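I have placed the structure first, in the form of structure tokens, so that the comments after it can refer back to it.
2 protein chains.
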Amino acid sequence: MRAVPRQPRVSSRSHPATGTVRDRTGARRRRSAAETRNAILEAAQRRLLAGGPEAIRLQEIAADAGISHPAILHHFGSREGLVEAMVMRGVTNLQTQFLEGWPSAKEPDIEGVFDRFYEVASRRGIARMLAWLILSGKSNRTMTPNVFKPAAERMHAGRIRRAQQQGRRLPALEETLFAATFLFILVLGDSLFGPSVRRAVGLGSGADTTRRFRRWLSKTVELLETRRAHS
Amino acid sequence: MRAVPRQPRVSSRSHPATGTVRDRTGARRRRSAAETRNAILEAAQRRLLAGGPEAIRLQEIAADAGISHPAILHHFGSREGLVEAMVMRGVTNLQTQFLEGWPSAKEPDIEGVFDRFYEVASRRGIARMLAWLILSGKSNRTMTPNVFKPAAERMHAGRIRRAQQQGRRLPALEETLFAATFLFILVLGDSLFGPSVRRAVGLGSGADTTRRFRRWLSKTVELLETRRAHS
DNA sequence: GCCGTTACTTACAATTTTGTAAGCTACTTT
DNA sequence: AAAGTAGCTTACAAAATTGTAAGTAACGGC
Chain A
7 MRAVPRQPRV SSRSHPATGT VRDRTGARRR RSAAETRNAI LEAAQRRLLA
57 GGPEAIRLQE IAADAGISHP AILHHFGSRE GLVEAMVMRG VTNLQTQFLE
107 GWPSAKEPDI EGVFDRFYEV ASRRGIARML AWLILSGKSN RTMTPNVFKP
157 AAERMHAGRI RRAQQQGRRL PALEETLFAA TFLFILVLGD SLFGPSVRRA
207 VGLGSGADTT RRFRRWLSKT VELLETRRAH S
Chain B
7 MRAVPRQPRV SSRSHPATGT VRDRTGARRR RSAAETRNAI LEAAQRRLLA
57 GGPEAIRLQE IAADAGISHP AILHHFGSRE GLVEAMVMRG VTNLQTQFLE
107 GWPSAKEPDI EGVFDRFYEV ASRRGIARML AWLILSGKSN RTMTPNVFKP
157 AAERMHAGRI RRAQQQGRRL PALEETLFAA TFLFILVLGD SLFGPSVRRA
207 VGLGSGADTT RRFRRWLSKT VELLETRRAH S
């Protein structure tokens with residue numbers, strides 16, 4: 007880093023390769039900036055999910071994306087910039103993919119919400135990314151309330167509506183926030199710790215056990231919810 | 007790494023410092039191996055908890071422990087060795103501090119178990135360490151069933167005993183394992199994600215909110231447990 | 001068809017980080 | 001008390017990693 011200015015290159019090497027990609031017709035091609043940025047982010051996220059934070063290395067990501075590592079710096083400015091872009095993309099993903107499908111008007115089908123959140127949190131790696139953010143102390147800037155807060159608010163609205171319909175007393179806001187926190191923690195925790203804990207406890211860690219456990223879990227939570235409603 | 011043999015040092019520098027520590031009487035002192043190993047592990051864990059996996063750097067840890075970085079290699083062989091020792095220590099801590107206090111004969115006071123597990127998992131940083139292990143793909147070797155499995159088994163024994171006393175039908179093993187997994191995931195998940203989620207949801211992230219939330223949580227879980235028992 | 005822009009490359013620099021070599025001296029053992 | 005052991009240091013090496021400089025060619029606008 008902080009390199010000192012250098013003399014103009016004397017070289018020589020007739021024509022260095024240009025880094026362009028050849029398509030199947032043999033013609034040279036250049037990807038658009040957006041295309042490459044996306045490939046880089048994709049590769050970076052794959053690395054992060056597979057090998058953890060320590061696996062975000064410019065060289066390897068560049069290799070995965072089929073470019074040279076300074077190209078990453080060209081697109082993102084610095085490693086830090088790449089990380090930030092990754093996080094932004096992750097949060098946006100979570101927001102659009104999870105929140106948009108939240109049942110705003112209908113009955114809050116707990117199993118459905120669970121499934122959706124699981125899908126986003128574990129398959130798309132959100133839980134791991136959040137965990138990594140928290141571990142490395144970067145969560146303050148990024149873990150915006152843009153996702154969890156609206157979800158909790160919709161949950162509260164739904165509870166109030168149902169309480170009114172059924173003529174029960176209205177639930178306190180904090181109660182709902184606790185319940186929402188409980189749900190989020192459960193899903194995030196399961197996405198991250200679930201497989202290891204199930205193995206450690208003596209359950210199989212296969213997809214089948216996972217499915218059965220999650221079914222058990224959503225039933226349990228549902229039971230809690232109805233039980234709360236009637237007390 | 008992989009340094010090539012070198013010629014004997016020609017030097018000279020009359021008497022390099024010896025790395026010994028001076029106590030308050032001014033006399034030189036040397037710590038025992040165990041003492042230093044401990045100081046190193048302590049420092050390493052502090053770094054891990056504070057700055058995440060990327061913060062485990064020999065130089066900084068050495069500085070924290072008041073020694074030079076090759077001393078760490080002297081004691082642990084390699085960075086990997088240090089990491090392994092840290093993990094072992096963490097698991098042992100979890101085992102002794104959590105498992106030993108598990109109510110084996112008495113009524114399974116859920117709130118007490120919760121509190122104890124929380125204490126170990128969050129204050130002593132077990133949740134963060136496990137998260138890091140999982141993120142970096144090291145969990146297979148280390149996340150031994152030595153902690154979670156015995157705990158789950160005791161839980162099952164307790165359930166069976168109570169079912170017999172009350173003349174109910176015996177619970178299936180898988181049911182208990184699911185419940186145990188649920189508990190562990192909840193506590194680990196809360197230790198790691200809890201503060202961020204509570205903040206993101208609009209709850210305060212202070213100690214007071216945390217306490218109230220955990221009380222709510224243990225009541226909720228207790229309710230679940232009794233509810234299950236009566237159905 | 002020319003021309004500026006920009007995606008991308010090679011070559012290199014600066015620094016960090018793990019690891020090795022060799023020596024010094026406090027402590028232990030006999 | 002002499003000798004060996006081992007905890008720890010300084011000095012160095014090798015490699016990895018992020019970042020910079022400068023140039024090249026694909027592309028888009030005119």
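Sequence order for the protein chains is A and B.
Quick note on the numbering used here: the first sequence kicks off at 7 and runs consecutively.
Quick note on the numbering used here: the second sequence kicks off at 7 and runs consecutively.
Where a beta carbon is used, it is the ideal one built from N, C-alpha and C, also for glycine.
Keep in mind the model is a prediction, meaning the values are calculated, not measured.
Query: Coarse secondary structure for glycine 173 of chain A, derived from DSSP in three states; Result: coil
Query: Contact under 7 Å by Cβ, valine 207 of chain B with phenylalanine 154 of chain A; Result: yes
Query: Pairwise C-alpha distance: alanine 69 of chain B and glycine 118 of chain A; Result: 51 Å
Query: Nearest residue (CA-CA) to glutamate 231 of chain B, options B/His75, B/Gly164 and B/Arg130; Result: B/Gly164
Query: Interface flag, threonine 187 of chain B vs chain A, CB-CB below 7 Å; Result: yes
Query: Status (buried if at least 16 other CB within 10 Å, exposed otherwise) for arginine 217 of chain A; Result: exposed
Query: Reduced DSSP category for glutamate 106 of chain A - H, G, I as helix; E, B as strand; rest coil; Result: coil
Query: Cβ pair count under 8 Å reaching 3, the region 122–133 of chain A against the region 126–136 of chain B; Result: no
Query: Through-space distance from alanine 169 of chain B to arginine 238 of chain B, alpha-carbon basis; Result: This structure gives no information on residue 238 of chain B, because the portion of chain B shown stretches from 7 to 237.
Query: Cα-Cα separation between phenylalanine 188 of chain A and valine 203 of chain B, rounded to whole angstroms; Result: 9 Å
Query: Residue burial classification, glycine 32 of chain B (beta-carbon count within 10 angstroms, cutoff 16); Result: Note that glycine 32 of chain B has pLDDT 45, beneath the 50 cutoff, so the model's placement of it is unreliable and the number below is only indicative. Glycine 32 of chain B is exposed by the Cβ-count criterion.
Query: Contact with chain A by serine 202 of chain B, beta-carbon distance below 7 Å; Result: yes
Query: Per-residue contacts from arginine 233 of chain B into chain A (C-beta, under 9 Å); Result: Leu229, Leu230 and Arg233
Query: Uninterrupted alpha helix (DSSP H) stretches inside the region 27–90 of chain A (no shorter than 4 residues); Result: 39–57, 64–71 and 75–82
Query: Three-state class that DSSP yields for leucine 192 of chain B in the structure shown; Result: helix
Query: Sufficient close CB pairs (3 or more, under 8 Å) joining the region 69–82 of chain A to the region 35–51 of chain A; Result: yes
Query: Cβ-Cβ separation, phenylalanine 199 of chain B to phenylalanine 219 of chain A (assumed contact under 8 Å), whole Å; Result: Rounded, the Cβ-Cβ distance is 19 Å, inconsistent with contact.
Query: Neighbourhood of isoleucine 67 of chain A by C-beta, 7 Å cutoff - its chain only, sequence neighbours within 5 removed; Result: Ile46, Ala49, Ala50, Arg53 and Ile78
Query: Candidates B/Ala157, B/Gly210 and B/Ala91, of which the one nearest alanine 186 of chain B by Cα; Result: B/Ala157
Query: Span separating the alpha-carbon of threonine 215 of chain A from that of glutamate 106 of chain A; Result: 29 Å
Query: Under 7 Å between C-beta atoms of methionine 201 of chain A and tryptophan 138 of chain A; Result: Here the sequence assigns proline to residue 201 of chain A, which means methionine is not the residue at that position. Result no, Cβ atoms of proline 201 of chain A and tryptophan 138 of chain A do not sit closer than 7 Å.
Query: Pick from A/Arg233, A/Gly57 and A/Arg234 that is closest to glycine 144 of chain B, judged by C-alpha positions; Result: According to the sequence as given, residue 144 of chain B is lysine; it is not glycine. Measuring from the Cα of lysine 144 of chain B, the nearest candidate turns out to be A/Gly57.
Query: Under 7 Å between C-beta atoms of phenylalanine 104 of chain A and phenylalanine 120 of chain A; Result: no
Query: Residues that phenylalanine 154 of chain A contacts on chain B, provided the C-beta gap is smaller than 7 Å; Result: Val203, Ala206 and Val207
Query: Unbroken alpha helix (DSSP H) run spanning alanine 137 of chain B, endpoints; Result: 132–141
Query: Sub-7 Å separation of glycine 195 of chain A and isoleucine 73 of chain B beta-carbons; Result: no
Query: Reduced DSSP secondary structure (H/G/I, E/B, other) of glycine 259 of chain B; Result: Residue 259 of chain B falls outside the range modelled here, since chain B spans only 7 to 237, and no answer is possible.
Query: Nonlocal neighbours in the same chain, by C-beta distance under 7 Å from arginine 205 of chain B, ignoring five residues either side; Result: Ser211
Query: Cutoff 7 Å: serine 128 of chain B Cβ touching any chain A Cβ; Result: no
Query: For valine 153 of chain B, the three-state DSSP class (helix, strand or coil); Result: coil
Query: Assigned exposure category for serine 239 of chain A - 16 Cβ within 10 Å defines buried; Result: Outside the modelled stretch of chain A, which goes from 7 to 237, sits residue 239 of chain A, for which no answer is possible.
Query: CA-to-CA distance, leucine 229 of chain A to valine 180 of chain B, given in whole angstroms; Result: For clarity, residue 180 of chain B is glutamate in the given sequence; the question names valine instead. Those two C-alpha atoms are separated by around 19 Å.
Query: Listed by chain order, chain B residues near aspartate 196 of chain A by CB distance under 8 Å; Result: Ile191 and Gly195
Query: Chain A within 7 Å of phenylalanine 219 of chain B, Cβ atoms only; Result: yes
Query: Contact set for arginine 85 of chain B: own chain, Cβ-Cβ below 7 Å, skip 5 residues either direction; Result: Leu64
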